[in-house]
Ligand code: MF3
Ligand code: CO
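Numbering (my numbering), first residue to last: 77 to 389.
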C-alpha cells in the first residue's frame with residue numbers, strides 16, 4: 077500500500093534548503109586558518125574569504141566554512157570513492173536478468189568490506205540494507221530484496237555510498253537489463269546527459285542554479301520532468317551535508333560555488349510528470365505518481381580552482 081507523504085525522507089528535502097544566514101567568523105591574519113591546514117590564515121583561505129564576502133554583499137547565498145574541504149579531506153573522500161566505484165564496477169559485472177536485488181545488496185556489502193569500507197546506507201536513519209536498487213517507476217531508495225527479481229526490459233538504478241576512514245562518497249549508475257525498449261533507453265541516456273551537462277556547469281564563482289538550469293532545460297526539451305522534492309547534497313565528512321542541491325532552480329541563483337565544496341549531482345528524471353510519493357509501508361521507496369519510469373545517475377564532485385573534479389562515478 078502506498079500513499080502520499082514524505083516518510084522519513086528528512087535527509088534531502090527542500091525544506092532543509094540552505095536557509096542559514098551566513099555570518100563568517102574570521103581568524104586573525106597570523107592565526108591558524110579555519111580549514112585545519114595548520115597554515116596561517118593570511119597564507120591560506122583569507123583571500124578566498126574576501127571574495128566570498130564580496131559575493132555575499134552583492135546579495136548572493138554563500139557557503140559556510142563547514143562546506144569547504146581542505147586538501148587532506150578531499151583526498152580522504154577520493155580514497156572512499158575509489159572503493160565506491162569498485163563496488164559499482166563489481167555490480168556492473170554481475171547484474172543480470174533473473175537476479176534478485178537482494179544479491180546486489182550482498183555484492184555491495186561483501187565488496188565494500190573486502191576493501192576495508194563500510195556501506196553508508198546500512199542503518200542510516202533506519203535504512204535496512206547496504207545499497208539502494210530502484211527499478212522502473214521507483215525514483216530512488218528502492219530496498220533490495222530476495223523477492224524483487226530483475227526482469228528482461230527493466231531499468232534499474234544502483235546507488236552506492238561508502239564510508240572509509242571516516243570519509244563518505246556517493247554515486248549511482250543505471251543498468252539496462254536485457255531488451256530495454258528504445259523509449260526507456262532514451263530516458264536512461266537523457267538522464268545521464270543531464271548529469272553530464274550539470275557537471276560541465278560546476279565551476280568556482282558560478283552558482284548551484286547554473287547546474288540546475290541546464291539539467292532542467294535538457295529534461296524538458298526531451299519531454300521529461302525533474303523531481304523537485306529530492307535533490308543532491310554536500311558529502312564527505314557526513315553522508316548528507318549542506319548544501320541541498322535542487323535541479324529545478326535558475327541560472328545565477330542559489331548558492332555560490334567555491335573551491336573545496338564537495339557535493340553530489342544526482343537529478344532524478346521522470347518520463348512523465350515530476351510528482352512522486354513515498355511507499356507508506358517501508359517509508360523509504362519513492363515512486364512516480366503517474367507510474368511512468370524514472371532514471372537517475374549520480375556523481376560526487378569537488379569544486380576546484382578552475383572547474384571541478386569528478387570524485388566518484
Ligand atoms: N544514496 C542516496 C543519495 O544519493 C541516499 C540514500 S539514503 C539511504 O543521497 F539510507 F537510503 F541509503
Ligand atoms: Co546522494
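Every residue, glycine too, gets a C-beta built ideally from N, C-alpha and C. As the structure is a prediction and not an experimental result, all values here were calculated from the model.
Closer than 8 Å: residue i CB and nearest the ligand CO heavy atom
i           : result
residue 188 : no
residue 312 : no
residue 217 : no
residue 235 : yes
residue 374 : yes
residue 340 : yes
Beta-carbon proximity of residue i to residue j, cut-off 9 Å
i           : j           : result
residue 167 : residue 245 : no
residue 253 : residue 218 : no
residue 188 : residue 159 : yes
residue 237 : residue 247 : yes
residue 407 : residue 358 : As shown, the chain starts at 77 and ends at 389. That puts residue 407 outside it, with no answer to give.
residue 249 : residue 389 : yes
residue 151 : residue 235 : no
residue 321 : residue 342 : yes
residue 336 : residue 286 : no
residue 279 : residue 366 : no
residue 136 : residue 100 : no
residue 231 : residue 184 : no
residue 370 : residue 256 : no
residue 384 : residue 239 : no
residue 147 : residue 318 : no
residue 302 : residue 271 : no
residue 364 : residue 356 : no
residue 194 : residue 180 : no
residue 323 : residue 291 : yes
Boundaries (first-last residue) of the alpha helix (DSSP H) holding residue i
i           : result
residue 149 : 147-170
residue 209 : Careful: residue 209 lies outside any alpha helix (DSSP H), inside the beta strand (DSSP E) at 208-211.
residue 362 : It is not in any alpha helix (DSSP H) - residue 362 instead sits in the beta strand (DSSP E) that spans 362-364.
residue 177 : 177-190
heavy atom of the ligand MF3 below 8 Å from residue i C-beta
i           : result
residue 335 : no
residue 360 : yes
residue 162 : no
residue 246 : yes
residue 197 : yes
residue 201 : yes
residue 122 : no
residue 318 : no
residue 208 : yes
residue 309 : yes
residue 400 : Since the first and last residues shown for the chain are 77 and 389, residue 400 lies out of range.
Identified DSSP bridge partners for residue i
i           : result
residue 309 : 320
residue 339 : 310 and 377
residue 143 : None; residue 143 has no bridge partner.
residue 344 : 372
residue 219 : Bridge partners of residue 219: none, in fact.
residue 46  : Absent from the model: residue 46. The displayed extent of the chain is 77 to 389, so no value can be given.
residue 302 : 345
residue 195 : 238
residue 108 : 116
Span of the beta strand (DSSP E), counted from its first residue to its last, around residue i
i           : result
residue 131 : Unbroken run through residue 131 is the alpha helix (DSSP H), 122-133; no beta strand (DSSP E).
residue 216 : 214-216
residue 385 : 384-388
residue 203 : Where residue 203 is concerned, there is no enclosing beta strand (DSSP E), given that its DSSP letter is neither H nor E.
Checklist entry - Taking only runs of the alpha helix (DSSP H) that begin and end inside the region 230-291, which ones reach a length of at least 4 residues, in chain order? => result 258-277
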